[in-house]
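A.B. asks: I have a structure I would like to understand better, so I am pasting it below and will then ask my questions one at a time.
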Amino acid sequence: MRRGHQVYYLSLDPPPDEKISSGVNFKKIPFFLRRRRGLLFWGLFTLWCPLYALAAVIRIKPDRLLAFGAYYSCMFFPSRLLTGTPVVLFLRSLVFKIDRITGKPRWLRFFTETVEKTGLKNASKIICMTEAMKNELLEFAPSINCPIEILPNDITPPVNSTENVEIKALKELPTDAFVVMTAGVIDRRKNIGLLIDALKRLEEIDPCHRVYLIVCGDGPLLQHYREVASRKKLKRIYFTGWCDNLEPIWNKTSLLVHPSLHEGVPNII
68 MRRGHQVYYL SLDPPPDEKI SSGVNFKKIP FFLRRRRGLL FWGLFTLWCP LYALAAVIRI
128 KPDRLLAFGA YYSCMFFPSR LLTGTPVVLF LRSLVFKIDR ITGKPRWLRF FTETVEKTGL
188 KNASKIICMT EAMKNELLEF APSINCPIEI LPNDITPPVN STENVEIKAL KELPTDAFVV
248 MTAGVIDRRK NIGLLIDALK RLEEIDPCHR VYLIVCGDGP LLQHYREVAS RKKLKRIYFT
308 GWCDNLEPIW NKTSLLVHPS LHEGVPNII
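The numbering used here numbers the first residue of the sequence shown as 68 and each following residue consecutively.
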């Protein structure tokens with residue numbers, strides 16, 4: 068947009084005003100079902116979306132198509148086939164791994180993974196978050212023949228950041244403390260329970276150890292893990308909650324660990 072390009076955003080629902088520039092042209096995808104989940108919704112939407120996208124591409128005549136997820140790249144399949152417009156695919160996570168972790172039925176995964184592989188093959192370029200994600204993607208779909216790039220991280224930390232009680236407490240850690248840190252959205256897939264169990268086991272083996280566990284991030288299981296740590300009577304664990312600047316914690320960290328079940332490294336890193 069800064070270079071004078073027009074941007075069109077196709078979606079079932081309008082994005083929050085604060086999340087999108089006023090210069091973006093939002094186009095609502097018309098669909099009669101209000102419910103956004105379930106087999107009926109996904110089946111009908113998967114049939115309808117490629118047709119609507121094709122009509123939009125023919126009307127708008129864009130230079131390129133951007134898809135945030137292999138599913139949506141698949142929805143552009145007719146558009147690229149008939150118009151030749153290149154598709155740039157951004158991947159934040161690997162949906163096929165999430166589906167396997169959450170135990171979706173095999174028959175359902177057959178269809179969803181077929182759609183994903185079609186979307187990957189339809190892309191002109193794929194952009195991943197990490198090298199590990201790229202490697203797993205190639206294992207999942209070795210027939211990918213387009214360039215795969217890694218999104219660079221050139222974001223500078225904020226000058227003024229907030230510090231909660233937990234973060235301030237980190238400044239008082241002993242100078243010989245060995246600080247283990249993990250960061251990300253605190254949910255089941257991040258597997259934080261493994262680290263808590265490991266810390267508990269370490270305390271049983273050596274009550275005088277100098278290891279401290281720092282868990283950075285917010286999420287649906289944050290309070291649950293706080294309660295688990297409390298029940299296990301773990302004193303050397305800190306839950307910082309949301310952090311807008313990790314730099315002060317990096318400076319204290321001896322080891323960064325990431326026991327996630329479905330990704331190589333969290334977006335926050």
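Using N, Cα and C, we set each Cβ at its ideal position, and we do this for glycine too.
Please classify Lys94: does DSSP put it in a helix, a strand, or coil?
C.D. replies: Reduced to three states, the DSSP call for Lys94 is strand.
A.B. asks: Would you kindly report the start and end of the unbroken beta strand (DSSP E) that includes Phe157?
C.D. replies: Where Phe157 is concerned, the enclosing beta strand (DSSP E) stretches over 154–157.
A.B. asks: Applying the 10 Å Cβ sphere with the 16-neighbour rule, what's the burial state of Val282?
C.D. replies: Its Cβ being crowded by 16 or more others within 10 Å, Val282 is buried.
A.B. asks: Return helix, strand or coil for Ala123, following the three-state DSSP convention.
C.D. replies: Here Ala123 sits in helix by DSSP.
A.B. asks: Among residues of its own chain, excluding the 5 on either side of Thr152, which ones have a beta-carbon nearer than 7 Å to its beta-carbon?
C.D. replies: Closer than 7 Å at Cβ, skipping near neighbours: Val124, Pro129, Arg131, Leu132, Ser146.
A.B. asks: Would you mind working out which of His72, Thr249, Ala190, Thr150 sits nearest Pro326, comparing C-alpha positions?
C.D. replies: Selected option, being the one with the closest Cα: Thr249.
A.B. asks: Please state if the CB of Ala137 and the CB of Val162 are separated by a distance shorter than 9 Å.
C.D. replies: Cβ distance < 9 Å, so Val162 and Ala137 count as in contact.
A.B. asks: Could you check where the alpha helix (DSSP H) with Val278 kicks off and where it finishes?
C.D. replies: Val278 -> not in any alpha helix (DSSP H); beta strand (DSSP E) instead, spanning 278–283.
A.B. asks: Applying the criterion that 16 or more other CB atoms from any shown protein chain within 10 Å of the CB defines a buried residue, is Ser140 buried or exposed?
C.D. replies: When all chains shown are included, Ser140 counts as buried.
A.B. asks: Starting from Ser160 and walking both ways along the beta strand (DSSP E), at which residues does that stretch end?
C.D. replies: Run containing Ser160: none; DSSP gives neither H nor E here.
A.B. asks: Taking buried to mean at least 16 other C-beta atoms within 10 Å of its own C-beta, is Arg104 buried or exposed?
C.D. replies: Arg104 comes out exposed.
A.B. asks: Between which two residues does the beta strand (DSSP E) carrying Phe306 extend?
C.D. replies: Here the beta strand (DSSP E) through Phe306 covers 304–308.
A.B. asks: Does DSSP classify Leu27 as helix, strand or coil?
C.D. replies: Lying outside 68 to 336, the shown extent of the chain, residue 27 is not represented and no answer is given.
A.B. asks: Assign Ala250 to one of three DSSP states: helix, strand, or coil.
C.D. replies: Of the three classes helix, strand and coil, the one that applies to Ala250 here is strand, per DSSP.
A.B. asks: Could you give the distance in angstroms between the alpha-carbon of Trp115 and the alpha-carbon of Arg167?
C.D. replies: Distance between the alpha carbons of Trp115 and Arg167 is about 27 Å.
A.B. asks: Measuring straight from C-alpha to C-alpha, what distance separates Lys319 and Ser88?
C.D. replies: Roughly 37 Å between the two C-alpha positions.
A.B. asks: Does Phe144 come out as helix, strand or coil in the three-state DSSP assignment?
C.D. replies: If DSSP states are grouped into helix, strand and coil, Phe144 belongs with the helices.
A.B. asks: Anyone know if the C-beta pair for Ile194 and Leu187 falls short of 9 Å?
C.D. replies: No, these two residues do not count as a Cβ contact at 9 Å.
A.B. asks: Would Phe112 pass as a contact of Phe98 if the rule is Cβ separation under 9 Å?
C.D. replies: Yes, the Cβ-Cβ distance between Phe112 and Phe98 is below 9 Å.
A.B. asks: Determine contact between the stretch 240–255 and the stretch 287–302, defined as no fewer than three beta-carbon pairs at a distance below 8 Å.
C.D. replies: Yes: the two stretches touch, three or more of their Cβ pairs being nearer than 8 Å.
A.B. asks: Rounded to whole angstroms, how far is the Cβ of Ile96 from the Cβ of Leu118, which I believe are closer than 8 Å?
C.D. replies: That belief does not hold up - the Cβ atoms of Ile96 and Leu118 are roughly 11 Å apart, past 8 Å.
A.B. asks: With distances taken between CB atoms, is the gap from Tyr292 to Ala244 smaller than 9 Å?
C.D. replies: No; because the gap between Cβ atoms is not below 9 Å, this pair is not in contact.
A.B. asks: Since Lys267 and Lys302 should fall inside the 8 Å C-beta cutoff, what is the C-beta to C-beta distance between them, to a whole number of angstroms?
C.D. replies: With 8 Å as the limit, Lys267 and Lys302 do not qualify as a contact, their Cβ atoms being about 11 Å apart.
A.B. asks: Which residues in the same chain have their Cβ closer than 8 Å to the Cβ of Pro81, if we skip the five residues on either side of it in sequence?
C.D. replies: Cβ neighbours of Pro81 beyond the five flanking positions: Phe93, Lys95.
A.B. asks: Check whether the Cβ atoms of Pro241 and Arg277 lie closer than 9 Å to each other.
C.D. replies: Contact: yes.
A.B. asks: Should Asn212 be labelled buried (16 or more other beta-carbon atoms within 10 Å of its own) or exposed?
C.D. replies: Its Cβ having fewer than 16 others within 10 Å, Asn212 is exposed.
A.B. asks: For the stretch 172–230, list the beta strand (DSSP E) runs that are entirely contained and at least 3 residues long, ordered along the chain.
C.D. replies: Fully enclosed beta strand (DSSP E) runs of 3 or longer: 192–195, 215–217.
A.B. asks: Quick test of your reading: Lys121 and Leu149, contact by CB under 8 Å. State the CB separation rounded to the nearest angstrom.
C.D. replies: First, the residue type needs correcting, since residue 121 is Leu and not Lys in the sequence shown. About 7 Å separates the two Cβ atoms, so the contact holds.
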